[in-house]
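Residue numbering for the sequence shown follows the UniProt record's numbering, starting at 1 and increasing by one per position.
Read through the structure below, which is laid out as structure tokens, and then see the notes.
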Amino acid sequence: MTAKGSVAMASFVLVYDPSVAVKNYRQQVLMATKIKEVCQKFRG
Numbered sequence: 001m002t003a004k005g006s007v008a009m010a011s012f013v014l015v016y017d018p019s020v021a022v023k024n025y026r027q028q029v030l031m032a033t034k035i036k037e038v039c040q041k042f043r044g
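In structure tokens, the structure reads:
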């Protein structure tokens, strides 16, 4: 999923159900940081 797509999803879910949005947002942030770490390992 692209950044724009995830932002659109996040804003949609935020309108739909704030508690679910917070959970999903936290999961996406964790995923993003993990992906960044993996990318840095492959590069470095």
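All C-beta atoms in this analysis are idealised placements derived from N, C-alpha and C, irrespective of residue type, glycine included.
None of the values given here were measured: they were computed from a predicted structure.
{"Asked": "Assuming Thr33 is part of the alpha helix (DSSP H), what are its boundary residues?", "Found": "Pro18 to Arg43"}
{"Asked": "So, under 8 Å CB-CB, Ser6 and Gln40 are touching, yes? Tell me the CB distance rounded to an integer number of Å.", "Found": "So it is not a contact: roughly 21 Å between Cβ atoms."}
{"Asked": "From Glu37 to Lys4, what does the alpha carbon distance come to, in whole angstroms?", "Found": "21 Å"}
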